[in-house]
Amino acid sequence: MSATTMMYGMRARERMPYAWDPVTVGICAALFLVGLIMVTSASMSIAGRDYGNPFYFLVRQFVYGFLGIGFAWLVTRVPTRLWDRYALFFLMCGMALLLVVLIPGIGARVNGSRRWMRIGPASFQVSELARVLIVNWVCGYCVRKRAELEESLVGVLKPIGLIGFASLLLLLEPDFGATTVLFVTGLAVLFVAGTRLRYVILLLVAGTAALGVLAVTSAYRLKRLTVFLHPWNHPFNSGFQLTQSLIAFGRGSWFGVGLGNSVQKLFYLPEAHTDFVFAVLAEELGLVGVIGVIALFVALVWRSIGISRMAARAGLHYQSYLALAFGVWIGLQAIINMGVNMGVLPTKGLTLPLISYGRSSLLVTLAWIGVLLRIYHETQCASRAAVMRPPGDPR
Numbered sequence: 013m014s015a016t017t018m019m020y021g022m023r024a025r026e027r028m029p030y031a032w033d034p035v036t037v038g039i040c041a042a043l044f045l046v047g048l049i050m051v052t053s054a055s056m057s058i059a060g061r062d063y064g065n066p067f068y069f070l071v072r073q074f075v076y077g078f079l080g081i082g083f084a085w086l087v088t089r090v091p092t093r094l095w096d097r098y099a100l101f102f103l104m105c106g107m108a109l110l111l112v113v114l115i116p117g118i119g120a121r122v123n124g125s126r127r128w129m130r131i132g133p134a135s136f137q138v139s140e141l142a143r144v145l146i147v148n149w150v151c152g153y154c155v156r157k158r159a160e161l162e163e164s165l166v167g168v169l170k171p172i173g174l175i176g177f178a179s180l181l182l183l184l185e186p187d188f189g190a191t192t193v194l195f196v197t198g199l200a201v202l203f204v205a206g207t208r209l210r211y212v213i214l215l216l217v218a219g220t221a222a223l224g225v226l227a228v229t230s231a232y233r234l235k236r237l238t239v240f241l242h243p244w245n246h247p248f249n250s251g252f253q254l255t256q257s258l259i260a261f262g263r264g265s266w267f268g269v270g271l272g273n274s275v276q277k278l279f280y281l282p283e284a285h286t287d288f289v290f291a292v293l294a295e296e297l298g299l300v301g302v303i304g305v306i307a308l309f310v311a312l313v314w315r316s317i318g319i320s321r322m323a324a325r326a327g328l329h330y331q332s333y334l335a336l337a338f339g340v341w342i343g344l345q346a347i348i349n350m351g352v353n354m355g356v357l358p359t360k361g362l363t364l365p366l367i368s369y370g371r372s373s374l375l376v377t378l379a380w381i382g383v384l385l386r387i388y389h390e391t392q393c394a395s396r397a398a399v400m401r402p403p404g405d406p407r
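This is the structure in structure tokens:
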């Protein structure tokens, strides 16, 4: 490209207003608003009992949502090439977080898991951020080593080995759900980047077998699997949470019992405003509400894939992989959370993105949405710059 053309492209981009994606913003806003309503409804009883303020969790969710939106806006101002340029540094930061949280005295143990770091009066679940930083490095690797990925198994084993090490650290917390999401997201990006199908199938089978062995050789995980298969055998003990969730779904019927009228949230369903908020939604809004929320998640995943395709057509391959990774990650986490609530998957400690009460999850999810919006903006800029090139430019 000539110096004149480059200068023309830079000036053209300077004149371009920021290209916001109204579809992504609209879907995310709808999910967040649904989340605020359901967190309020699901938590009023427990908040009033434990904190003397029925809107305790609503206020905190709103505050952290506001902070997350601020982070998202800041991220939209950061060129994605910087995320690629410093991917190795971010990767080391992510690995360091996963290691440090395992150190007693630094990592806080809650409900038998060491997943949180105390930051003053607040706590932060490091796996939420670490997974994003690791996937970001994988996306950059796919661009730099694409030929190696397409030609040999060795090129695939390098990022898989790193993902495997990160998964081991997650399992030590333990966080089986986050491990599954990280592994599948990384494998999906590698497949789209050109990894041969037979290698993907081989790694998928190996990963599934490894997770299966880990599940049956751990008394903690084996108990969860047993309860998942036969929750009604222990309805007042280990199967209590799942049976109460199933009762909530059964009471919801077609149109629900009405917003705010859930019975299961009244000290029957543990973690009603966090991991099991979807069950409260199903009870109060019924099948119609469930389908509506599922449709919003499907739309967000579809839009992410659409932005990924637009970026690929514009020649922004790293950005394309990153947008795809977001779609796979948020779709998979939503599927796992909903599956757990409906009793079709073993219990995992994963929130429903943008809907469940969870400070770490909400902040990281909104920040990653900011990255997605930045990718859309850069894609639009690249497309407009191509249209506005001077006549006679061969490019």
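Residue numbering for the sequence shown follows the working numbering, beginning at 13 and increasing consecutively. Just so it is clear, CB atoms sit at the ideal spot from N, CA and C, and this is done for glycine as well.
Going by Cα to Cα distance, which pick from the options is closest to residue i?
i	options	result
Asn-249	Gly-272, Pro-282, Val-225 and Leu-385	Pro-282
Val-155	His-329, Ile-146, Asn-65 and Asp-287	His-329
Arg-126	Trp-380, Gly-361 and Val-212	Gly-361
Gly-298	Val-376, Ile-317, Asn-273 and Leu-336	Asn-273
Leu-110	Phe-290, Leu-336 and Ile-146	Ile-146
Tyr-30	Ala-394, Val-46, Arg-396 and His-389	His-389
Leu-181	Gly-119, Leu-308 and Leu-100	Gly-119
Ala-346	Ile-381, Leu-308 and Ala-335	Leu-308
Ile-259	Ile-348, Glu-295 and Val-225	Glu-295
Val-166	Leu-100, Thr-207 and Leu-183	Thr-207
Leu-223	Ile-317, Val-193 and Phe-338	Val-193
Gly-382	Leu-366, Val-87, Leu-254 and Phe-195	Val-87
Tyr-280	Leu-45, Ala-54, Ile-39 and Leu-43	Ala-54
Val-113	Arg-386, Ala-134 and Ser-139	Ser-139
Ala-394	Ala-84, Pro-91 and Ala-59	Pro-91
Leu-336	Val-352, Ile-348 and Ile-317	Ile-317
Glu-185	Glu-160, Arg-72, Arg-89 and Trp-128	Trp-128
Thr-391	Ser-368, Ser-320 and Arg-130	Ser-320
Ala-84	Cys-40, Tyr-153 and Ala-291	Cys-40
Pro-358	His-242, Asn-148, Gly-301 and Met-322	His-242
Val-212	Thr-255, Trp-244 and Leu-161	Leu-161
Ala-42	Asn-349, Arg-72, Val-217 and Gly-301	Gly-301
Trp-95	Val-144, Met-107, Tyr-63 and Ile-131	Val-144
Phe-44	Ala-205, Ala-99, Val-305 and Ser-179	Val-305
Gln-331	Ile-387, Val-289, Ala-59 and Val-310	Ile-387
Asn-349	Ile-303, Ala-291 and Arg-315	Ala-291
Met-322	Val-122, Pro-116, Arg-396 and Arg-263	Arg-396
Ser-368	Arg-130, Pro-66 and Leu-293	Leu-293
Val-46	Trp-314, Val-356, Val-289 and Gly-351	Val-289
Gly-38	Val-356, Gln-276 and Ala-311	Ala-311
Leu-254	Arg-72, Arg-210, Gly-351 and Gln-137	Gly-351
Leu-100	Ala-218, Trp-314, Glu-163 and Tyr-153	Tyr-153
Glu-163	Arg-210, Gln-276, Ser-179 and Val-122	Arg-210
Under the assumption that residue i contacts residue j (Cβ atoms under 8 Å), give the Cβ distance between them as a whole number of angstroms.
i	j	result
Tyr-333	Cys-105	With 8 Å as the limit, Tyr-333 and Cys-105 do not qualify as a contact, their Cβ atoms being about 20 Å apart.
Met-354	Phe-261	6 Å
Asp-287	Thr-363	6 Å
Phe-338	Leu-366	Phe-338 to Leu-366, Cβ: 13 Å. No contact.
His-285	Phe-69	6 Å
Phe-195	Ile-175	6 Å
Phe-102	Asn-148	6 Å
Ser-135	Leu-278	Rounded, the Cβ-Cβ distance is 27 Å, inconsistent with contact.
Ala-108	Arg-158	Ala-108 to Arg-158, Cβ: 28 Å. No contact.
Leu-226	Leu-183	6 Å
Going by DSSP, what residues sit across from residue i in a beta bridge?
i	result
Arg-126	Arg-121
Phe-177	Paired residue(s): none; Phe-177 is not in a bridge.
Gln-137	Trp-128
Pro-116	Gly-119
Subject >> Inter-stretch contact at 8 Å, needing at least 3 Cβ pairs: the region 195-207 / the region 153-173 >> reply: yes
**OP:** Give a yes or no on contact between the region 266-281 and the region 27-42, applying the rule of three or more CB pairs nearer than 8 Å.
**Re:** no
Original post:
So does the region 370-378 actually touch the region 74-84, counting three or more Cβ pairs closer than 8 Å?
Top reply: yes
Original post:
Does the region 316-326 come close enough to the region 37-57 to have 3 or more Cβ pairs within less than 8 Å?
Top reply: no
Original post:
Which residue spans inside the region 46-105 form an unbroken alpha helix (DSSP H) run of at least 4?
Top reply: 68-88 and 92-97
**OP:** Indicate whether the contact test is met: 3 or more Cβ pairs, each with one atom in the region 333-353 and one in the region 375-383, closer than 8 Å.
**Re:** yes
Subject >> Those runs of the beta strand (DSSP E) which lie wholly inside the region 285-371 and span at least 3 residues >> reply: none
Original post:
Going along the chain, which unbroken runs of the alpha helix (DSSP H) with 4 or more residues stay wholly within the region 175-229?
Top reply: 188-204 and 209-229
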